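A.B. asks:
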Amino acid sequence: MTQKRALVLSIDAMTDLDLEVAREYPHFSEILSHCALATNVESVFPSLTYPCHVAMATGCTPMHTGIYNNEAFLPDTFRRPWYFYASQIARPTIFAYAAKAGISTGCVMWPCMGKGPIDTLVPEIWGETPDAPFLEPFCGAGSEAFIREIWPVVGEIAHGFHQPEFDTFVCRIAEEAIRRCRPEMLYVHMCQIDNAKHYRGLNSPERIRAIENTDALLGRLLAALEREGLREDTHIVLCSDHGQMPVERVSYPNRLLAAHGLLAAGDGGAIPQWQAQVQSACLSAFVYAENAQAERRALRLLQENSAALGIAQILPRAECPAQFQLDGAFSAVLLGTPGTYFHNAADSGVLMERGEDGPLPYRANHGHDPRLGEKPFFLINGRDAAVGARINHGFRLIDEAPTVAALMGFEMPGVDGQACMGLLR
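Basically our numbering = 1-based index in the sequence shown + 28.
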């Protein structure tokens, strides 16, 4: 009996509506015509790439993984590190369960997997800036021998994470992983559709081109499997993490707190003094406070100025577990009005300005309540997929890892999600 295999490709910010466009392209069409498909997938809050991908890899909510932002909160600086390492996740990943089951694994650019228990690992990580050279950060947190071996073949992207070049780079690495290592379960993350939506908008020509480009890269991965004689045994799992919402204005809640003496910003992103501050999660934000008195004062100020800051709701931490399966060391969550992006800046200036006047050229973003807007999808193509099965409601991001585990023949006991056997034959 041949070994089951799976290629899990996360296509960042691709949604149900994008699938309708993707059907017009050959490789998406091939996969979609013979698959089990879940649409309207329930993401996690906040709907950011790193919390979402951790949920997709653990089967657990942010309340249990501890990853509820892209960046760690460091109270003394706005220069905050991203969550790059598997050790920062409070729950084991699907890769740890696969290792126990004797299944070889690979991972290319899946967020938060640095130094994880993965046989062939090229992590999503960077050095001092995202435009710094990748080689040494990759080697320090990934499979160094493999990375150095393939580097003359795949090269290095000259302009950091700029798209569509970076996804081509990711594809080249994944092709080499298939050719040289043949992992039985390979996870890959591509994000040019997300990038196009961020900077060009939800209905832009650039979004269409990004879908077309991603189709071509999918075709290259399918061809790589075919060349190695693995295509017939490999289940293709396509999935996504979140949708996006239009950005119309930029809000600066830390400017309000600073004006009232609760926060002082220094040079180089330093925070020399603070009693309360807000950390952006893009279309939402987290409020932190040093003590109960500062918390009460900050929340009162934010509530009194909610209209001026584009705040739709201030949700106390105590209500977050029931509302969003979320908990952490924060005091409250700010939910933005439609179109509001929260910025960390604590300098003097207006509390809110039009998006086109702000410092970041976003046309769309995420971090919003995942019940709003376009939704992600999840599909399985392959001999053990329940071809033709359609689930339009009730499938969650946290169900993805246990479903892939069930597909591969092992279990993930104790996770928040559950395997969706309706997608499997």
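The beta-carbon is built from N, C-alpha and C at its ideal position, and this holds for glycine as well. Note that the coordinates shown come from a computational prediction; the quantities given were computed from them, not determined experimentally.
With which residues is W110 paired in a DSSP beta bridge?
C.D. replies: Looking at the DSSP assignment, W110 forms a beta bridge with E99.
A.B. asks: For N282, I'd like the list of residues in its chain whose CB is within less than 7 Å of its CB, leaving aside the five on either flank, ordered along the chain.
C.D. replies: L291, Q305, V306, N372, A373 and A374, listed in sequence order.
A.B. asks: Could you have a look at M141 and say whether DSSP puts it in helix, strand or coil?
C.D. replies: M141: coil per DSSP, three-state reduction.
A.B. asks: Taking C-alpha atoms, which residue in G94, S38 and G188 lies nearest to P349?
C.D. replies: With distances taken between Cα atoms, P349 lies closest to G94.
A.B. asks: Tell me, please, which residues DSSP counts as bridged to N393.
C.D. replies: DSSP output for N393 lists M273 as bridge partner(s).
A.B. asks: Under 8 Å between the Cβ atoms of I236 and V415?
C.D. replies: Going by C-beta atoms, I236 is not nearer than 8 Å to V415.
A.B. asks: With DSSP as the reference, label M29 as helix, strand or coil.
C.D. replies: Any reading at M29 must be qualified, since the residue scores a pLDDT of 43, below 50, and its modelled position is unreliable; the value itself is stated next. Of the three classes helix, strand and coil, the one that applies to M29 here is coil, per DSSP.
A.B. asks: When the distance is taken between beta carbons, is N68 closer than 8 Å to K403?
C.D. replies: Yes, they are a contact pair.
A.B. asks: Are Y262 and A34 close, meaning C-beta to C-beta below 8 Å?
C.D. replies: At residue 262 the sequence reads Thr, which differs from the Tyr that was named. Cβ atoms of T262 and A34: closer than 8 Å.
A.B. asks: Provide the residue(s) that pair with G289 in DSSP beta bridges, ordered along the chain.
C.D. replies: Per DSSP, none; premise fails for G289.
A.B. asks: List the endpoints of the continuous beta strand (DSSP E) containing I299.
C.D. replies: Where I299 is concerned, there is no enclosing beta strand (DSSP E), given that its DSSP letter is neither H nor E.
A.B. asks: Taking 8 Å as the limit between beta carbons, can you name the residues of its chain near A417, skipping five residues before and five after?
C.D. replies: A64, L65, G450 and L451, listed in sequence order.
A.B. asks: Is it right to say D222 is buried, meaning 16 or more other beta carbons lie within 10 angstroms of its own, or is it exposed?
C.D. replies: So D222 ends up on the buried side.
A.B. asks: Put S376 into one of helix, strand or coil per three-state DSSP.
C.D. replies: Coil, per DSSP.
A.B. asks: I'd like to know if the stretch 271-281 and the stretch 388-403 are in contact, where contact means that at least 3 CB-CB pairs between them fall below 8 Å.
C.D. replies: At 8 Å Cβ cutoff, the stretches touch.
A.B. asks: Specify the secondary structure class of P23 as computed by DSSP and reduced to three states.
C.D. replies: Residue 23 lies beyond the stretch modelled for the chain, which goes from 29 to 453, so this question has no answer here.
A.B. asks: Between the stretch 318-327 and the stretch 118-129, are three or more C-beta pairs nearer than 8 Å?
C.D. replies: In short, these stretches do not touch, since the Cβ pair count stays below three.
A.B. asks: In or out: A160 buried (at least 16 other Cβ within 10 Å) or exposed?
C.D. replies: Exposed, because fewer than 16 other Cβ atoms sit within 10 Å of the Cβ of A160.
A.B. asks: Could you have a look at E70 and say whether DSSP puts it in helix, strand or coil?
C.D. replies: In the structure shown, E70 sits in a strand (DSSP, three-state: E or B).
A.B. asks: Taking three-plus beta-carbon pairs below 8 Å as touching, is the stretch 80-89 in contact with the stretch 131-143?
C.D. replies: Taking 8 Å as the limit for Cβ pairs, the verdict is that the stretch 131-143 does touch the stretch 80-89.
A.B. asks: Enumerate in chain order the residues of its own chain whose CB-to-CB distance from A360 is below 7 Å, with the five nearest sequence positions on each side excluded.
C.D. replies: V315, L327, I342, L343, P344 and R345, listed in sequence order.
A.B. asks: If you draw a straight line from the C-alpha of I206 to the C-alpha of L435, how long is it?
C.D. replies: Roughly 20 Å between the two C-alpha positions.
A.B. asks: How would you label G442, buried or exposed, when you count the other beta carbons within 10 angstroms and need 16 or more for buried?
C.D. replies: G442 is exposed by the Cβ-count criterion.
A.B. asks: Between T89 and I419, is the Cβ-Cβ spacing less than 8 Å?
C.D. replies: Not in contact: T89 and I419 (Cβ atoms no closer than 8 Å).
A.B. asks: From what residue to what residue does the beta strand (DSSP E) around C135 run?
C.D. replies: C135 -> beta strand (DSSP E) spans T133 to V136.
A.B. asks: Count the other CB atoms, across all protein chains shown, that sit within 10 Å of the CB of M29; report buried if there are 16 or more and exposed otherwise.
C.D. replies: In this prediction, M29 has a pLDDT of 43, which is less than 50 and means its spatial position is unreliable; what the coordinates show is noted afterwards. Classification for M29: exposed.
A.B. asks: For N409, which residues does DSSP report across the bridge?
C.D. replies: In the DSSP output, where bridge partners are listed per residue, N409 has I264.
A.B. asks: Could you tell me the distance, in whole angstroms, from the CA atom of P165 to the CA atom of L285?
C.D. replies: Approximately 36 Å between the Cα atoms of the pair.
A.B. asks: Mind pulling the beta strand (DSSP E) runs of 3 or more residues that sit fully within the stretch 204-228?
C.D. replies: Those beta strand (DSSP E) runs which fall completely within the stretch 204-228 and span 3+ residues are 213-218.
A.B. asks: Using a Cβ-Cβ cutoff of less than 6 Å, which residues in the same chain neighbour A447 once the five nearest sequence positions on both sides are dropped?
C.D. replies: Closer than 6 Å at the Cβ level, and outside the excluded window around A447, lie P430, T431 and A434.
A.B. asks: Compute the beta-carbon to beta-carbon distance between A336 and L379, rounded to the nearest angstrom, for a pair I have assumed lies under 8 Å.
C.D. replies: 5 Å between Cβ atoms; contact.
A.B. asks: Given a cut-off of 8 Å on the beta-carbon distance, is the pair L354 and M42 in contact?
C.D. replies: The answer is no: Cβ separation not under 8 Å.
A.B. asks: Spell out the partners DSSP gives I419 in its beta bridges.
C.D. replies: In DSSP, I419 forms a bridge with A66.
A.B. asks: Could you give the DSSP three-state label for F123: helix, strand or coil?
C.D. replies: Residue state, collapsed to three classes: helix.
A.B. asks: What span of residues does the beta strand (DSSP E) with T157 cover, start to end?
C.D. replies: Neither: T157 is in no beta strand (DSSP E) and is coded neither H nor E.
A.B. asks: Starting from V306 and walking both ways along the beta strand (DSSP E), at which residues does that stretch end?
C.D. replies: First-last of the beta strand (DSSP E) with V306: A304 to S308.
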